[in-house]
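Just so it is clear: in the sequence shown, position 110 is 111 by our numbering, and no numbers are missing.
The structure appears right after this line, and notes come after that.
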Amino acid sequence: LARYSLLLLDEPTNHLDMEGKAALAQTLRDYPGGVLLVSHDRQLISESCNRFWLIDNAGLTEWHSLEEVYARLQAVAPAPDSRLALQSTPAGADDDEEALLARLIDLEQWLADDMARKPKHQKPSLQAQWREEINRLLNQLA
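Given below as structure tokens:
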């Protein structure tokens, strides 16, 4: 087999099941060369990357902290329009609850996965954010 020192991956988790995603993340962590990863999969990014480039309207910027990238993205995200929430129909309530449950499951999985890592690879600030959102979602669903 060829021994490449740089991998270029564009959305590599598309069409992978959970086991495949976990295997990919482990392979990328253990890979001795460089990896340029383009992905929207936050879990894969947090598990396998240590430098980050963000492309937005201002261009390309380099970041060394994933928490700072997410904070930047949240700062520029439009605030939810409360008028839309008030106009939702009862039929949409089931969809809303399903979306909240799906988000809750994702957050709990991310938290469990991060806590399963070695302490030096864990992301305490993300864990705190996830816990806060989990508590908020549990209160909404109660």
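Just so it is clear, CB atoms sit at the ideal spot from N, CA and C, and this is done for glycine as well.
From a predicted model like this one, the values you see are computed outputs, not experimental measurements.
* How many Å lie between A113 and I135 at the Cα? -> 12 Å
* Asked: Quick one: Cα of L38 to Cα of R4, how far?
  -> 18 Å
* Nearest neighbour of V70, chosen from A26, E98, D96 and H41 [CA to CA] -> H41
* **Terminal residues of the beta strand (DSSP E) in which T62 lies** => G60 to W64
* Mind checking which residues open and close the alpha helix (DSSP H) that includes G34? => First-last for G34: undefined, no H or E at that position.
* **L74 - DSSP class collapsed to helix/strand/coil** => helix
* **Extent of the continuous alpha helix (DSSP H) run through L45** => R43 to S49
* Tell me whether A26 is buried or exposed, calling it buried when 16 or more other Cβ atoms sit within 10 Å of its Cβ. => buried
* Proximity below 8 Å, CB of R30 to CB of S47 -> no
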